[in-house]
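See below for the structure under consideration.
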Amino acid sequence: MKRVLFYLLFIVVTSSCIENLGVFKGRNGDMVIEGVITNDFGPHEIKLTLTNEFGTAPDSYPVQSANVTIEDNQGNEVNLDDVGDGKYHTQTDFYAELGKSYRLKVELRSGEMFESSFESLDEVPTIDKVYHQIEQRSTLSSSDVLTQESVVVFYADFNNPKGVDNFYRWRYKETYQVLSPLAGQSEGEILQSRGCTMAISHRDCWVDQFDTEFLNIMNDGYYDGLELLGHEVFVTDIDKKFAIGYSANIQLYSLSEQAYEYWAAIEKQAENSGSIFDTSNFQIKGNVSSIDDPEQLVLGYFGVSGVASQRIMLMDYEVPYTHTYVCEANNSGCYPVNCIDCTAYGASSRTTKPDYWK
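The opening residue of the sequence shown carries number 44 in this note's numbering; numbering runs sequentially from there.
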């Protein structure tokens, strides 16, 4: 199933203060500052980039060698480490604390300074249960034909606190096992076939897949103080992810009202069908501003969230899918590399079995 979410400004941005700043025309050189800290232990990541013109590669440029700090409402500051590619990390022992507020401060090599508004950490309810169902859903094929397709739907139950305006965002991370069927059981084995010599390095791997095209936000306007049962978190195709073993770590994030309003605006623009009745796509300003020039457009959002998580694991017999491995040698006698080395399944493919794996 194709689930497409058009993120404005060519990147995944986060923001709270919603301002219509004019129709986005593909300009370049706008500063983007984004990231979130939670009540989980770090490292937490802040990312700094500059936008590029639409249709021009790359989409954005990393901003490096900046001085990035997080300050709480008591005046305590922590410095983030520059880990490259425009990414800045907190230490692993850093986490946001309930009852405190935090803001982000950035100083570039040029001397330009940016600062976010304070964001408070709101409590998040515990996820009581997560579960799945195999269902038939309508989907539009590449040839614009509506068909029925079997999918896996994940649901969650939780209790929403009473008497408080709550705002949430759901996220998830999938992990699944992959296999290289021609690989041996030990590293360093060599496969020789018709003069083609290939090193067989890894047979079993685990691949992480993130929710980069996913947005699921909600508020408790209709169920204040109620137990919410069967909330649909996400839907995924039945494919090679379910061939051996599969895990989904489902997370519920608390949002400030400002952050919720931003994501709601992003969601609304993503759902625009392109008709004359749709709202225009506007640049959405975040909660980060330039200290030197308050009128400067700064994109992105610095968020602070409480997070609750629940993991679900499915084995191959729980989802009806049989994977077909295509491992035929070419004219030179060489086999596809993913049949020999499971790390070829992608950059996130790793050979270390997760601690939680059955």
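Idealized CB from N, CA, C, for every residue including glycine.
Item                                                                                                                                                                                        : Value
Between GLU192 and GLU361, what straight-line distance do the alpha-carbon atoms span, to the nearest angstrom?                                                                             : 17 Å
Rounding to the nearest angstrom, what Cα-Cα distance links ASP128 and ASN110 in this structure?                                                                                            : 14 Å
Suppose you measure from the CA of ILE319 to the CA of LYS311; what does that come to, to the nearest Å?                                                                                    : Confidence at ILE319 is low in this model, with a pLDDT of 41, below 50, so the placement of that residue should be treated as unreliable; the coordinate-derived value is given next. Looking at the two C-alpha atoms, the distance is approximately 15 Å.
With a 10 Å radius around its C-beta and 16 neighbouring C-beta atoms as the bar for buried, classify LEU141 as buried or exposed.                                                          : exposed
Measuring alpha carbon to alpha carbon, tell me which residue in VAL250, GLU275, GLN252 and TYR344 is nearest MET261.                                                                       : GLU275
For the region 251-309, which segments carrying the beta strand (DSSP E) assignment without a break, of at least 3 residues, lie completely within its bounds, in sequence order?           : 259-262, 270-280 and 288-297
Considering only the alpha carbon of each residue, which of ILE334, LYS284, TYR131 and ALA199 lies closest to TYR174?                                                                       : ALA199
So does the region 376-388 actually touch the region 197-213, counting three or more Cβ pairs closer than 8 Å?                                                                              : no
Provide the residue span of the beta strand (DSSP E) that contains ILE334, from first to last.                                                                                              : No beta strand (DSSP E) contains ILE334, which DSSP labels as neither H nor E.
Leaving out the 5 sequence neighbours to the left and right, which residues in its chain are closer than 8 Å to THR386 when beta-carbon positions are compared?                             : SER244, HIS245, CYS248, SER392, ARG393 and THR394
Report all residues from its chain with a CB closer than 8 Å to the CB of LYS143; omit the five preceding and five following residues, and keep chain order.                                : ASP115, ASN116, GLN117, SER163 and LEU164
Any idea what DSSP makes of VAL66, helix, strand or coil?                                                                                                                                   : Unreliable placement is indicated for VAL66, whose pLDDT of 35 sits below 50; no coordinate value is reported for it.
Relative to the alpha-carbon of PHE285, which residue among VAL278, PHE277 and HIS366 has its alpha-carbon at the smallest distance?                                                        : HIS366
Any contact of the region 71-81 with the region 340-358, i.e. 3+ C-beta pairs under 8 Å?                                                                                                    : yes
To the nearest angstrom, how far is the alpha carbon of SER314 from that of GLY264?                                                                                                         : Checking the sequence shown, residue 314 turns out to be Glu, not Ser. Looking at the two C-alpha atoms, the distance is approximately 21 Å.
Taking the C-alpha atoms as reference points, what is the distance between VAL55 and PRO168?                                                                                                : With a pLDDT of 39 at VAL55, under the threshold of 50, the modelled position of this residue cannot be trusted, and the question is left open.
Assign ALA351 to one of three DSSP states: helix, strand, or coil.                                                                                                                          : strand
Going by other Cβ atoms of all chains shown within 10 Å of its Cβ, with 16 needed for buried, is LEU298 buried or exposed?                                                                  : buried
Excluding the five sequence neighbours on either side, which residues of its own chain have a C-beta within less than 6 Å of the C-beta of GLN73, listed in chain order?                    : Looking at the sequence provided, one finds Asp at residue 73 rather than Gln. Cβ within range, chain order: THR94, LEU340 and LEU342.
Going by DSSP, what residue range makes up the beta strand (DSSP E) through LEU91?                                                                                                          : 88-94
For the beta strand (DSSP E) that TRP213 lies in, which residues bound it at each end?                                                                                                      : 210-222
For TRP213 versus TYR296, is the C-beta spacing smaller than 9 Å?                                                                                                                           : yes
Quick check: the Cα distance between TYR399 and GLY288, rounded to an integer number of angstroms?                                                                                          : 12 Å
Identify, in the order they occur along the chain, each residue of the same chain with its Cβ nearer than 6 Å to the Cβ of VAL278, setting aside the five sequence neighbours on each side. : VAL194 and VAL196
Taking the continuous beta strand (DSSP E) assigned at ASP200, which residues delimit it?                                                                                                   : 189-202
What span of residues does the beta strand (DSSP E) with HIS175 cover, start to end?                                                                                                        : 170-183
Among ILE334, TYR388 and SER375, which one has its Cα closest to the Cα of VAL149?                                                                                                          : ILE334
What does DSSP give as the partner residues of ARG393 in its beta bridges?                                                                                                                  : TRP249
If you count every other CB in all the chains shown that lies within 10 Å of the CB of ILE327, and 16 or more means buried, which is it?                                                    : buried
Compare the Cα-Cα distances from GLU217 to each of ASN209, ASP187, ARG146 and LYS283 and report the closest residue.                                                                        : LYS283
Taking the Cβ atom as the reference point for each residue, do TYR303 and PHE210 lie within a distance shorter than 9 Å?                                                                    : yes
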